[in-house]
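Here the sequence shown stands for residues 47 to 164, where the numbers follow this note's numbering. These notes are about the structure you will find just below.
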Amino acid sequence: ELHDDAVKINQSGPALDSYLRLYERFSATLLLPLRFVASGDEVTRLLDEPWEGGSDQLECVLSSNYCLPDATLGLDLEEVRSYFDRFGLPVAEMVVRGYISGEHVDPAQVAAAVAEKL
47 ELHDDAVKIN QSGPALDSYL RLYERFSATL LLPLRFVASG DEVTRLLDEP
97 WEGGSDQLEC VLSSNYCLPD ATLGLDLEEV RSYFDRFGLP VAEMVVRGYI
147 SGEHVDPAQV AAAVAEKL
């Protein structure tokens with residue numbers, strides 16, 4: 047969940063557990079081979095090619111915005127779990143079910159509908 051102590055909400059335990067639950071709801075399996083690999087050097091060894099954390103990756107609009115000045119996580123992990131349980135997973139499940147059934151799904155409308163019920 048941490049590679050060389052890098053904090054990323056989307057790689058926190060509650061987030062990864064939520065991704066697993068979403069996959070299970072669709073009878074799919076999500077492999078997380080690096081979940082418990084704490085060393086960036088070990089990630090490089092497993093990938094068998096040079097890897098520099100933070101390089102050549104998609105940028106996240108939240109990147110570091112949730113960190114305190116000392117680089118620790120500025121959110122309680124229970125808040126992350128609550129976000130997924132109450133909002134993230136319901137939205138994702140409804141959108142995926144819509145796509146699977148062939149419906150036109152507007153993720154923003156789904157998110158708004160779920161948010162109204164909070």
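Idealized CB from N, CA, C, for every residue including glycine.
In whole angstroms, give me the CA-to-CA distance for residue i and residue j.
i       : j       : result
Pro-136 : Phe-130 : 8 Å
Gln-57  : Asp-87  : 18 Å
Arg-91  : Arg-81  : 15 Å
Ser-64  : Lys-54  : 15 Å
Ala-74  : Leu-68  : 9 Å
Arg-143 : Leu-76  : 17 Å
Ala-159 : Phe-72  : 22 Å
His-150 : Tyr-112 : 33 Å
Taking the alpha helix (DSSP H) that residue i falls in, what are its first and last residues?
i       : result
Asp-87  : 86-93
Asp-152 : That residue, Asp-152, is in no alpha helix (DSSP H); it is neither H nor E in DSSP.
Pro-165 : The structure shown does not extend to residue 165, since the chain spans only 47 to 164, so no value can be given for it.
Pro-60  : 59-71
For residue i, which beta-bridge partners are listed by DSSP?
i       : result
Leu-119 : Cys-113
Taking 8 Å as the threshold, find out whether the stretch 108-127 comes into contact with the stretch 151-163 through three or more Cβ pairs. no
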